[in-house]
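Below you'll find the structure, written out as structure tokens, and then a few comments.
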Amino acid sequence: MKAKVYLLLLALCCFSLSCDNDDDAPNSESNFYSGALTSASAADLTGVWAIFNVGFQGNIAEVPVVYEACGRDFLVFSENGIYTEYLYQHSGCEYHLNSLNWALNNGIINLSNQFGQSDELVITRLNANELVFKSLFDVDEDGDLDIVSLYLKPYTPNEIDMVSPTFTDHPDAAFDQLLSFTWQSYQGFNDFERYEIYRSAGDNCSISNAELIASISDVNATEFTDLSPPTEDYLCYHLKVYTNLGLLGQSYAYTINTENLNPQPVTLNTPEVLNYSIQFNWQASADPYFSHYELAFSNYDGGTASGQQVYSVAIINDRELTTFLDENPPYLEHPYYVLYVHNIFGNRSSFYNSQVTTYHEVAFKRPEIINFQKVESYAIDTENTIAYFYGRESGAGNTMNIHRFNYSTNQTEAISNLAPQYATSVPIKYIDSGYGPEIVVEQASDLAVYNATTLQYKYTLETSVPGVDDFLYSELGYWIFVNNDNIYTLTRDNANLDLVDTKPHFPNHQGSYNYQGFALNNNKLLVGYNNEDTSYLYAVATNGLMSQEQIVPIPILDNWEHESQYNAAGNYLINFSENRLYSTNTFALLQSFESPYFPSGTSQDGTLIFGSNNDPDWQITPESIHAKEAVIYNRMTQQASTISTIGYPHIIFENAFGELVSISSGLKKDDIRQNINNKADIFLEIIQLP
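Take a look at the structure:
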């Protein structure tokens, strides 16, 4: 088996295509070794040669240049005993290398490979200007080897830069987030000196303003990673290749948008709850472009969702500092904590990563948070620090129930033993009608009654009033009911209600759950509707009979949200949706105000109006301008002041002790009725007045 000498085969193929074969030529293999130039030396043979002609049976043919731009194919006899052929593959001058071992003995060149295969060439002429040797080749394809002569001359090849065009970003996925580059190693015939890596920065980075950042003398080195880049939006890199003849080639500038370089995430270990604090620890980052860690919390576990909010808890700049104690956890039930890694380019790792654990849901809830995903309605005990809430409870399922919460001790003191069976849009009421304090809930036009202290179900009062929109208890001891046609007075005897009087109100029949009644001073009743510009005023006699006194120009802009409120001490009715006060003495417009833009309550004496400037219609994002601020408007000075709060205030009222209390949410939300990802965050806070 012969070692393959591709260049000789190519030259002989050119000869066989251009010359006629002599079928009668004698077998010349026996003459192959004759005429060997035994004085030929390895020193004379060493160098770069190219085949210019090929001879056979007295005919000599020229070996053409296949690709003019590249020059001739050529071969090299190296001093280290390596024979190398360079065969150009196309006009782009990419070449194929064929390497064999060579040895010279008595004018005979032996070529061999690592498999023990060999071939021989017989030198017949060798000087500084010419090399001629014989080779065996079956020119006429008759199965017999023929002697052919190859005529070579010393050759200085056009060395083509095959390195710099291969300069590109590293293809290995492990290097995707690094400034890493690869290239094909130099395999030329000159003496390699070095690779040089250059870098430039800025929006218009280019080769002209690049700086040298690495010089590599190892010819087999084919990759480079920039571990200390500048913090620029755009970085450009290019490669230069040098041989003993100087600069061989230079690549184009490869531009990197550093916005696409994401930090490598690290594992966040399972957090540990320590009473009212949470301990965190995590794996140290090995990212070469590390800037800092950021611990944050969210109401969702990654991805994007309506109402999703992510807020920073701590920034840690020390790479080796991998612990943090959160001593002020959020006002959010079971928050998700995530650890981000930021790099010097302003990028951060993602919330979720399939390879490492970057976040945990922490089983922690502040005692201040009431156990509701959302609150449908509430009632306030005007003599104690007690609030009652009706809504969807925390946890799995959709149970709607009533809780009694003491906001001075942050304790849920009672939960109703029988959850209301029907949904209702009528707010629950705290009423003491002579049977002890009770919580009363509208249920399919009847009233479910609960002991206000224990929330034990007592009984249901059957009203016999169809489609109850609202109910209240008057100073004269009568129960007042309103539906979409009439207003009713009833008396109560324990679990019984008896009708006393009925009077019609608006002649235009409207939809349900929008009629609202108010028990005013001096035994007056006011009935209004969201779509009406006026309201009906009634007088209630001591015997419970009603008389319609007048139609007054007061709109009750109540709708489903019950956004109108009566202040008995101030003798006015306030419409929160239009920021107007109406006198309940003269029934004229009493006052209007600008701020708070979204009021929600009044002081007991009626001089102060409470609210916030957070618009319920704002889109909820971490960047939205919702503020943790209460706004207080003083009717006497006509000035508004702002006070910082712990949470986002939704309902503000003054209790019996002169304290300003806010029903707030730990995270942004439209109102207390909104449920975001089944996470409780409603709590009551005492607003600290300056």
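So the sequence shown is residues -21 to -1, 1 to 669, counted in mature numbering (1 follows the signal peptide of the UniProt record, and there is no 0).
Note that the Cβ used here is the ideal one computed from N, Cα and C, for glycine as well.
Remember, predicted model here, so these are calculated numbers, not experimental data.
Check your understanding: If you follow the beta strand (DSSP E) that A22 is part of, which residue opens it and which one closes it?
Key -> Not the beta strand (DSSP E): A22 falls in the alpha helix (DSSP H), residues A21 to L24.
Exercise for review: Out of A153, A40, Y401 and S194, point me to the one whose CA is closest to Q334's CA.
Suggested key: Closest by alpha carbon: A153.
Check your understanding: Who are the Cβ neighbours of S395 in its own chain at under 6 angstroms, not counting the five residues just before and after it?
Key -> Contacts found: N380, I381, Y429 and L434.
Review point. For S453, which of helix, strand or coil comes out of DSSP?
Key: In the structure shown, S453 sits in coil (DSSP, three-state: anything other than H, G, I, E or B).
Exercise for review: Could you give the DSSP three-state label for P578: helix, strand or coil?
Suggested key: Strand.
Check your understanding: Which same chain residues, not among the five before or five after T201, have their C-beta less than 8 angstroms away from its C-beta?
Key -> Only T161, W162, Q163 and S164 meet the Cβ criterion.
Exercise for review: Name, in chain order, the residues that DSSP records as bridge partners for C215.
Suggested key: C215 is bridged by DSSP to S179 and T234.
Exercise for review: Within its chain, find whatever has a CB closer than 8 angstroms to the CB of L191; leave out the 5 residues flanking it on each side and keep chain order.
Suggested key: Excluding positions up to five away in sequence, the list reads E175, I176 and Y177.
Exercise for review: Return yes when the Cβ of E340 is within less than 8 angstroms of the Cβ of Y315, no when it is not.
Suggested key: Yes, the pair counts as a contact, with Cβ atoms nearer than the cut-off.
Review point. Can we say the segment 451 to 466 touches the segment 479 to 487, given the rule of at least three CB pairs closer than 8 angstroms?
Key: Cβ pair count under 8 angstroms is three or more, so yes.
Exercise for review: Would you give the residue range spanned by the beta strand (DSSP E) that W458 belongs to?
Suggested key: Element bounds for W458: W458 to V461.
Exercise for review: Find the nearest neighbour of I661 within the set Y627, L639 and L455, judged by alpha-carbon distance.
Suggested key: The candidate whose alpha carbon is nearest that of I661 is Y627.
Check your understanding: Between Q390, I553 and A402, which lies nearest to A377 when the distance is taken from Cα to Cα?
Key -> Residue identity check: residue 377 is Asn in the sequence provided, not Ala. With distances taken between Cα atoms, N377 lies closest to A402.
Review point. Of all the options V101, Y515 and S270, which has the alpha carbon lying nearest to the alpha carbon of F497?
Key: In terms of CA proximity to F497, Y515 leads the group V101, Y515 and S270.
Check your understanding: Can you tell me whether DSSP reads T388 as helix, strand or coil?
Key -> T388 falls in the coil class under three-state DSSP.
Practice item. Check the Cβ-Cβ distances between S78 and every residue of chain C, and say whether any is below 8 angstroms. Key: Looking at the structure shown, chain C is missing, and only one protein chain is on hand.
Review point. Can you list, in chain order, the residues of its chain whose CB lies under 7 angstroms from that of I295, leaving out five sequence neighbours each side?
Key: Result list for I295: H271, Y272 and F303, in chain order.
Review point. Going by other Cβ atoms of all chains shown within 10 Å of its Cβ, with 16 needed for buried, is L668 buried or exposed?
Key: With fewer than 16 other Cβ atoms within 10 Å, it is exposed.
**Study point:** Y369 classed as buried or exposed, judged by whether at least 16 other C-beta atoms fall within 10 angstroms
**Key:** Note on Y369: 16 or more other CB atoms within 10 angstroms of its CB, so buried under the neighbour-count rule.
Check your understanding: With DSSP run on the structure shown, which of helix, strand or coil describes L144?
Key -> Note that residue 144 is Pro in the sequence shown, not Leu. DSSP, read as helix, strand or coil, puts P144 in helix.
Check your understanding: Ends of the beta strand (DSSP E) at W162?
Key -> Looking at the DSSP string, W162 is not in any beta strand (DSSP E), and its letter there is neither H nor E.
Point to revise | A548 to D280 span [Cα, whole Å] | key: The alpha-carbon separation between A548 and D280 amounts to approximately 49 angstroms.
Exercise for review: Give the DSSP bridge partners of I87, in chain order.
Suggested key: Per DSSP, N84 and V101.
Review point. If we count the other Cβ atoms within 10 Å of its Cβ and call it buried at 16 or more, is S277 buried or exposed?
Key: Label assigned to S277: buried.
Review point. Since F276 sits in a beta bridge, which residues does DSSP pair it with?
Key: In DSSP, F276 forms a bridge with Y290 and Y316.
Exercise for review: Take the Cβ of Y268 as the centre, count every other Cβ of all protein chains shown within 10 Å, and call the residue buried at 16 or more, exposed below.
Suggested key: By the 16-neighbour rule on beta-carbons within 10 angstroms, Y268 is buried.
Review point. Count the other CB atoms within 10 Å of the CB of G37; is the residue buried (16 or more) or exposed (fewer)?
Key: G37 should be labelled exposed.
Review point. Can you list, in chain order, the residues of its chain whose CB lies under 8 angstroms from that of L587, leaving out five sequence neighbours each side?
Key: Beyond the five residues adjoining it in sequence on each side, L587 comes within less than 8 angstroms, by CB distance, of T581, I611, Y612, N613, R614 and E633 in the same chain, given in chain order.
Practice item. Would you list the one or two residues that DSSP bridges to W28? Key: In the DSSP secondary-structure assignment, W28 is bridged to L54 and P133.
Exercise for review: Buried or exposed for A659, please, with buried defined as at least 16 other CB atoms from any protein chain shown within 10 angstroms of its CB.
Suggested key: So A659 counts as buried.
Review point. Could you give the residue range of the beta strand (DSSP E) that holds D650?
Key: Premise fails: D650 is in no beta strand (DSSP E) and is neither H nor E.
Check your understanding: Hey, how far is the Cα of C49 from the Cα of T222?
Key -> C49 and T222: Cα-Cα distance of roughly 18 angstroms.
Practice item. Could you tell me how far apart the beta carbons of V127 and V33 are, in whole angstroms, since I believe they sit closer than 8 angstroms? Key: Correct: roughly 6 angstroms between the Cβ atoms.
Check your understanding: For the beta strand (DSSP E) that D197 lies in, which residues bound it at each end?
Key -> D197: not part of any beta strand (DSSP E); DSSP gives it neither H nor E.
Review point. L663 lies in the beta strand (DSSP E); which residues open and close that run?
Key: Membership of L663 in the beta strand (DSSP E) is indicated by the continuous run I661 to I665.
Review point. Just the Cα atoms here: how many angstroms apart are A567 and I535?
Key: For A567 and I535, the distance between alpha carbons rounds to 13 angstroms.
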